[in-house]
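Written out below as structure tokens is the structure these notes cover.
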Amino acid sequence: MGFKDAKKQLIVCLQSGNVLHEARGNISTKNFLVTGQTSITELIDIIYQSAGPSYSSSPHHFAAHIDVHIIRCRHRGIPWYIKWYFTEPDCVFISVHH
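Using this note's numbering, read the sequence shown as starting at 873 and increasing by one per residue.
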């Protein structure tokens, strides 16, 4: 899956509420979406405005058959790091922070 397809599928998941969060020890500093520091509307805006060069993907470190998607971009002067994967029909966020 390339950037355009990943971006489109992620926005659809966010708009439809198919959103999960991977459990992690430092979730309060690594996932602003789950803590409410970032809204779904704001995250969609950040993702929508991101461009191809800000995107990368790699196999999940626990399940190599799952592609993990990463967007590193600047939005309103703030550097964002967004990391997720898909488990149909959901997107699962690992990180959403700056």
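Positions of the beta carbon are idealized from the N, C-alpha and C atoms, including for glycine.
Hey, quick one: how far does the alpha helix (DSSP H) through residue i stretch, first residue to last?
i             : result
threonine 910 : From DSSP, threonine 910 is part of no alpha helix (DSSP H); its letter is neither H nor E.
Consult DSSP for residue i and reduce its assignment to one of helix, strand or coil.
i                 : result
serine 888        : helix
isoleucine 899    : helix
proline 925       : helix
phenylalanine 875 : helix
isoleucine 919    : helix
isoleucine 883    : helix
phenylalanine 958 : strand
phenylalanine 934 : coil
histidine 970     : coil
Looking only at its own chain, which residues have a Cβ that is under 6 Å from the Cβ of residue i, when we skip the five neighbours before and after it?
i                 : result
glutamate 894     : Val964 and Ile966
threonine 907     : Ser900
phenylalanine 875 : Gly924 and Tyr927
Exposed or buried, which one is residue i when buried takes at least 16 other CB atoms within 10 Å?
i               : result
lysine 981      : With the chain covering only 873 through 970, there is no way to say anything about residue 981.
isoleucine 918  : buried
asparagine 1038 : Residue 1038 lies beyond the residue range present for the chain, which begins at 873 and ends at 970; the question has no answer from this structure.
alanine 935     : exposed
Compare the beta carbon distance of residue i and residue j with 8 Å and say whether it is the shorter of the two.
i                 : j             : result
threonine 901     : histidine 969 : yes
serine 922        : cysteine 945  : yes
isoleucine 942    : serine 928    : yes
phenylalanine 958 : glutamine 887 : no
By Cβ distance below 8 Å, which residues in the same chain neighbour residue i in space, the five residues on each side in sequence not counted?
i              : result
histidine 937  : Pro931
isoleucine 916 : Ile883, Leu886 and Gln887
arginine 896   : Lys902, Asn903 and Ile966
By Cβ distance below 7 Å, which residues in the same chain neighbour residue i in space, the five residues on each side in sequence not counted?
i              : result
asparagine 890 : Pro961, Asp962 and Cys963
What residue does the beta strand (DSSP E) around residue i start on, and which one ends it?
i             : result
histidine 941 : 939-947
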